[in-house]
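First comes the structure, then the notes that go with it.
Number of protein chains: 4
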Amino acid sequence: MQARSPTYDRILEAASAHFAERGYDGSSLTHIASAVGIRKPSLYAHFANKNALYMEVFKQALQQECAMVARCFDEEGGVATPGAGYADSLIARHASNEPLHFLLRTSYTPPAELRVAIDEGHERYLDLLHDTFCAKLRACVQAANLDDAAISQYGQAYVGIIDSLQVKLVYTDREQAAARWAVMQRLLADALEHATSKE
Amino acid sequence: MQARSPTYDRILEAASAHFAERGYDGSSLTHIASAVGIRKPSLYAHFANKNALYMEVFKQALQQECAMVARCFDEEGGVATPGAGYADSLIARHASNEPLHFLLRTSYTPPAELRVAIDEGHERYLDLLHDTFCAKLRACVQAANLDDAAISQYGQAYVGIIDSLQVKLVYTDREQAAARWAVMQRLLADALEHATSKE
Amino acid sequence: MQARSPTYDRILEAASAHFAERGYDGSSLTHIASAVGIRKPSLYAHFANKNALYMEVFKQALQQECAMVARCFDEEGGVATPGAGYADSLIARHASNEPLHFLLRTSYTPPAELRVAIDEGHERYLDLLHDTFCAKLRACVQAANLDDAAISQYGQAYVGIIDSLQVKLVYTDREQAAARWAVMQRLLADALEHATSKE
Amino acid sequence: MQARSPTYDRILEAASAHFAERGYDGSSLTHIASAVGIRKPSLYAHFANKNALYMEVFKQALQQECAMVARCFDEEGGVATPGAGYADSLIARHASNEPLHFLLRTSYTPPAELRVAIDEGHERYLDLLHDTFCAKLRACVQAANLDDAAISQYGQAYVGIIDSLQVKLVYTDREQAAARWAVMQRLLADALEHATSKE
DNA sequence: TATGAATGAGTTTTCATTCAT
DNA sequence: TATGAATGAAAACTCATTCAT
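And the structure:
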């Protein structure tokens, strides 16, 4: 019921695409199965039920995105703004990345019965984002004259910017998202520069 | 099929609540009718079908919100940051305002078959927001030393901030949204102050 | 409920067309009303219910067709074959004559609940056809050397031919029906000639 | 969805009976399923939808009847009139043969949406009838002094007679149909005798 | 004479799920 | 691991009919 198999993975893929595109209620197991090339009851050899399938898709998408957060912040060098690497990554991946698309959609509008579990996961992701950004900021700032409260505030701002970026990605295209990021990044960079150069 | 009637309005109300809470696919006409206190087929005396009902709810919610944008910007006095009135209004209204809740939800995750119409309406709303903010900014800035391009960029930033605010409203609560607005507003205010005081 | 009025007649017309095209079960009062330009409940100001409307359409179509039988046989001069006038009339009228079309259809496949009444009416029509043909044959035959049994048999043949003609009219076009009539008329004429010239 | 199974066949049988008796619009899947002894949704494991079920019933009835045409003409010995075997078979089978009953009904009054496909199938049947009769006539005539045009005309007459026979079967009973056949057969036989003995 | 509103009964169809194989 | 068959529940929608106006 749980072990990895080629079919198992193909189901996750197809489900991710369907759930991302049409949501929980708008996706039917028939269509998902048909996209995989199997019949509907065969899904039950891999997943207990629709909820379990949905939650597994969510779990994997969340893990993948959290790993991506860690990696992007790790790999970004001495960029102008902390977190720029991950923002760029979001924009770059969105079009072809169903799990990410799914993650954004279900975080905004989780199916009522799964809301608690999903909210909890989503919050973990946001906390990770916030904490990672703060750590980076704390590390990279020339003059570390910002206290923890201030740093956390910038962390909240960064998370807000990422949210606004994801929204733009969800309902329009990459270009507009890139434009928004440029604008928002400027806001953040200005504020940081202003704050750190104050004294 | 078109004229206002008490029942008509009550259907719109109930539908708005259901669609906001459970989305298009998760809402059933049976439940909506039952919330109104009529039987399912009676809905069809007022609306051609589920799509038409959904779109009417959307249309009214959109009109109402656009009117609210105009009103909030009109009524805000010499506030610190242009657009603060509308942001506050969003936060204040969200919990008890089903049409607004519905509007945000459907704009981010429209039912696949209605996506085009809804995207178009949502874009009108965002454009209005952008343009209204820019007009206000242009009017209220002490030294009008900002060119059109710069003003438009701040407009885009404001729209992004509103988006991030709405996201927070959609998936958490008013308090966190208020906190986010405080942070983001500071970003925007700093940037504006910095820009206008430059010369 | 019964008196003639412009609307009453227009309802009959529209109903005739719908019933002829789609049958009893396939026709809806909504569509009929809409074809008339009124709302569905308004139909009930003119007819007690769907059955009554159907039966009234049937009654008028039957009356009209019976009158046509009488007229065609009256007006046909010393044609080659008795009954040729009516056969020609059938072919000529079919395309633009909804009541006739309706009559044929409902006679073959009456709605189960109305079967008895319709069968009875249809039989009246066939009897009229048979008797009128026989009278004509009896009158017009040069040598009246055919006994009643023989004449009745030709009457049955004529009715059979009319049936086959109507079938052709119902499911194909006027041209093919005309061709069939030419062939069948020859059969009948030959037989008559053969029989009357025997002695 | 395609392969034969006991249930599949029982559905076809029940559907054939219902469609024959009440037509497309007058038959409901609920009743058909209940006649089979299964629940309504189970039908969809065997047929895509009502149309597909109807067309499958039609297809099988048509095939069966075409095979019957071939067989009857094959097996008829040196009967008085070519085609007598098939006419007798029609009369004999009608009461107890649902597919035949269905075939006649739907050919005369096909559901509006399926008219094209059904007309096409019905025409194939009529063509087969015509051609088979002509072949038989050509083979069995003592003096083959009839040209092709004449033979085809007798073919058309035969098809017309079969039509009139089927009409009689559809809306009255076997006895009257037998009587009509006796009369029409005489017409045809006389004409043939007359034509072939001419020279 | 006409209609807006309402409705019980019914339609076809889809759904997630189960189970024997 | 996969599936054909089956099903209860529920979906959206249509229907003929009623009734107050």
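Residue numbers (the working numbering), protein chains in the order written: chain A, 66 to 264; chain B, 66 to 264; chain C, 66 to 264; chain D, 66 to 264. We put the beta carbon where it would ideally sit given N, CA and C, even for glycine.
Listed in chain order, the positions of the region 136 to 169 of chain C with a beta carbon within less than 9 Å of a beta carbon of chain D are L169.
Exclusion of the five residues before and after A145 of chain C leaves A254 as the residues of its chain whose Cβ lies within less than 7 Å of its Cβ. Taken atom to atom, the span from the alpha-carbon of T72 of chain D to that of A79 of chain D is near 10 Å. Within the same chain, and ignoring the five residues on either side of I216 of chain C in sequence, the residues whose Cβ sits closer than 7 Å to its Cβ are C199, L202 and R203. Closest in alpha carbon position to E188 of chain B, among B:L168, B:A177 and B:G142, is B:L168. One alpha carbon belongs to R87 of chain B, the other to P176 of chain B, and they sit about 12 Å apart.
For H96 of chain C, the enclosing alpha helix (DSSP H) stretches over residues L94 to V101.
For the beta strand (DSSP E) assignment, the region 165 to 234 of chain A encloses no uninterrupted run of at least 3 residues. In the structure shown, R75 of chain D adopts helical secondary structure according to DSSP, grouped into three states.
In the three-state scheme derived from DSSP, where H, G and I count as helix and E and B as strand, R69 of chain B is classed as coil. Straight-line spacing of the CA atoms in L94 of chain A and S81 of chain A works out to 12 Å. Secondary structure of G88 of chain A (DSSP, three-state): helix. Within chain A, no residue has its CB atom less than 8 Å from the CB of H111 of chain B, the nearest being about 24 Å off.
Here the C-alpha atom of L179 of chain D lies approximately 37 Å from the C-alpha atom of R69 of chain C.
In this structure, L77 of chain C lies near V122 of chain C, with their beta-carbon atoms less than 8 Å apart. For S154 of chain C, the enclosing alpha helix (DSSP H) starts and ends at A149 to R158.
Taking the Cα of Y219 of chain C as reference, the smallest distance to any Cα among D:E130, D:D238, D:P147 and D:R251 is reached at D:R251.
Against chain B, the beta carbon of E86 of chain A has neighbours under 9 Å at A177, listed in chain order. In terms of beta-carbon proximity, Q125 of chain B stays away from the interface with chain A, with every pair separated by 8 Å or more. By a beta-carbon distance limit of 8 Å, G225 of chain D contacts V248 of chain C. Their separation comes to about 7 Å. Residue contact check for Q221 of chain D against chain C: a CB pair falls below 8 Å.
L234 of chain C sits away from L127 of chain C, with the two beta carbons spaced by 8 Å or more.
Close CB contacts of A182 of chain B within its chain, under the 7 Å cut and outside five residues either way in sequence, are with M120 (chain order).
Under the Cβ distance rule, I226 of chain C counts among the residues neighbouring chain D, one pair being separated by less than 8 Å.
Between A157 of chain A and W246 of chain A a beta carbon distance of about 11 Å is seen, past the 8 Å cut, so the two are scored as non-contacting. C131 of chain B and L193 of chain B do touch by the CB rule: their CB atoms are close to 6 Å apart, below 8 Å. By the beta-carbon neighbour count (other beta carbons within 10 angstroms, threshold 16), D238 of chain A is exposed. The C-beta of Q218 of chain A comes closer than 8 Å to at least one C-beta of chain B. Apart from sequence neighbours up to five positions away, the residues of its chain that approach E163 of chain B with a beta-carbon distance below 7 Å are S81, A82 and A85, ordered along the chain. One Cα belongs to G148 of chain D, the other to K105 of chain D, and the distance between them is close to 43 Å. Assignment of D139 of chain D by DSSP, reduced to helix, strand and coil, places it in the helix class. Between Y223 of chain D and the set D:L211, D:A243, D:N210 and D:D196, the nearest pair of CA atoms involves D:D196.
Between the alpha carbons of Q129 of chain B and E240 of chain B lies a distance of about 24 Å.
Cα atoms of T261 of chain C and A135 of chain C: separation of roughly 25 Å, rounded to the nearest angstrom. For L108 of chain A, same chain residues with a beta-carbon under 6 Å away, outside a window of 5 residues either side, are L94 and A98 in chain order. The Cβ atoms of Y89 of chain A and Y236 of chain B lie no closer than 8 Å to each other.
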